[in-house]
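Visitor:
In my numbering, the protein residues as written are 196 to 503.
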């Protein structure tokens, strides 16, 4: 294990501050995710550079890691305001002889918007984004006919591929499970940050989805199922366990509500300089929590009590 983290540091010639931080983080990721996941953790960090920048959106444009005309739930404005990101970019070629698409490489980066890794802020952002990287790395991108599926933990993104004028173009079809995945990643950020950054650390900006994620991991004792779903692409097992333990369609309902909550949270954050709009979105968010989330959790708890 020590040699593994040193290989990562040496490959990218990381400075002393980042090297020290990685030496602390690497064993904690292994403890959290499980020793059996170390090969994935190692390969993910060994094949993904970590960079500091002043603006996430500009950095991704500079690195050629973003399609400016194909955004999903997280848009250009969100990236410009973002504190960090894990970004992948599959290189896709079209074979005219077989009329098929294939992935020839996947470019990856972890970018943190900060001048250095001195602050608590930059360290916790790195924990969050490395968690996304680790949970994305295995079986990250696949192509079935003309559909590209990209997974990031529980997130599943589908894009339609077309080939015209010598260029492969991706068009977003669907994007699911962002809210729940972000909530779960915020829990990892919090847990690991409390070990190596600040014992009293609490994440900000995730609110209810952080609470939902902790409920799944701790109250419902689904940590092993969640981590295997995220890292090993065993999502079907998590859905089956959740629906069996709690109630039919529990996962789908919870997943949908988390996406609604996360979307409204992003919208509210983007309206910070327009108090009237921000208040309106905040009211909509509170209504979603009151009318959809809380009744669902009540139903789940009642169903769970019957199953125990």
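Even for Gly, the Cβ is constructed at its ideal location relative to N, Cα and C.
#1: Can you round the beta-carbon distance between residue 308 and residue 251 to whole angstroms, since I take them to be within the 8 Å contact cut?
#2: Please report the straight-line C-alpha distance between residue 487 and residue 418, rounded to a whole angstrom.
#3: Is residue 198 buried or exposed, if buried means 16 or more other CB atoms sit within 10 Å of its CB?
#4: In terms of residues, what are the limits of the beta strand (DSSP E) holding residue 370?
#5: Whole-angstrom Cβ separation of residue 354 and residue 346, contact assumed at under 8 Å?
#6: Out of 357, 361, 282, state which residue places its alpha-carbon closest to the alpha-carbon of residue 368.
#7: Going straight from the alpha carbon of residue 317 to that of residue 285, what length do you get?
#8: Give, in chain order, every unbroken run of the beta strand (DSSP E) that is at least 3 residues long and sits entirely within the stretch 272 to 303.
#9: Hey, which unbroken runs of the alpha helix (DSSP H) at 4 residues or more fall wholly within the stretch 401 to 434?
#10: Helix, strand or coil: which one does DSSP assign to residue 359?
#11: Should residue 478 be labelled buried (16 or more other beta-carbon atoms within 10 Å of its own) or exposed?
#12: Measuring only the C-alpha atoms, how far is residue 319 from residue 330?
#13: Can the beta-carbon of residue 404 be found closer than 8 Å to that of residue 457?
#14: Please confirm if the stretch 204 to 220 is in contact with the stretch 297 to 308, defined as three or more CB-CB distances below 8 Å between the two stretches.
#15: Is the stretch 432 to 442 in contact with the stretch 389 to 401, if contact means three or more CB pairs nearer than 8 Å?
#16: Relative to the alpha-carbon of residue 449, which residue among 215, 233, 321, 371 has its alpha-carbon at the smallest distance?
Guide: In brief:
#1: Indexing the chain shown from 1 puts residue 308 at position 113. Indexing the chain shown from 1 puts residue 251 at position 56. The Cβ separation is near 5 Å, so the contact holds.
#2: Reading the chain shown from its first residue, position 292 is the one you call residue 487. Reading the chain shown from its first residue, position 223 is the one you call residue 418. Going from the Cα of residue 487 to the Cα of residue 418 covers about 24 Å.
#3: Here residue 198 refers to the residue found at position 3 when the chain shown is read from its first residue. Flag for residue 198 reads exposed.
#4: For the purposes of this step, residue 370 is taken as the residue at position 175 of the chain shown. First-last of the beta strand (DSSP E) with residue 370: 362 to 371.
#5: Residue numbering aside, residue 354 sits at position 159 when the chain shown is read from its first letter. Residue numbering aside, residue 346 sits at position 151 when the chain shown is read from its first letter. Their Cβ separation, rounded to whole angstroms, is 12 Å, which puts residue 354 and residue 346 out of contact at 8 Å.
#6: Counted from its first residue, the chain shown places residue 368 at position 173. Among 357, 361, 282, the Cα nearest to that of residue 368 is on 357.
#7: Within the chain shown, numbered from 1, the residue matching residue 317 stands at position 122. Within the chain shown, numbered from 1, the residue matching residue 285 stands at position 90. Linking residue 317 to residue 285 through their CA atoms gives a straight-line distance of about 27 Å.
#8: Those beta strand (DSSP E) runs which fall completely within the stretch 272 to 303 and span 3+ residues are 279 to 290.
#9: Runs found: 402 to 409, 418 to 427.
#10: Reading the chain shown from its first residue, position 164 is the one you call residue 359. Residue 359 falls in the strand class under three-state DSSP.
#11: As a working mapping, residue 478 is identified with position 283 in the chain shown. Exposed is the label assigned to residue 478, since fewer than 16 other Cβ atoms lie within 10 Å of its Cβ.
#12: Here residue 319 is taken as the residue at index 124 of the chain shown, counted from 1. Here residue 330 is taken as the residue at index 135 of the chain shown, counted from 1. A direct Cα-to-Cα measurement between residue 319 and residue 330 gives close to 17 Å.
#13: Numbered from its first residue, the chain shown carries residue 404 at position 209. Numbered from its first residue, the chain shown carries residue 457 at position 262. Annotated as proximal: residue 404 and residue 457, with beta-carbon spacing under 8 Å.
#14: No, because fewer than three Cβ pairs between the stretch 204 to 220 and the stretch 297 to 308 fall closer than 8 Å, the two stretches do not touch.
#15: Segments in contact, no.
#16: For the purposes of this step, residue 449 is identified with residue 254 of the chain shown, where counting begins at 1. The residue with the shortest Cα to Cα distance from residue 449 is 371.
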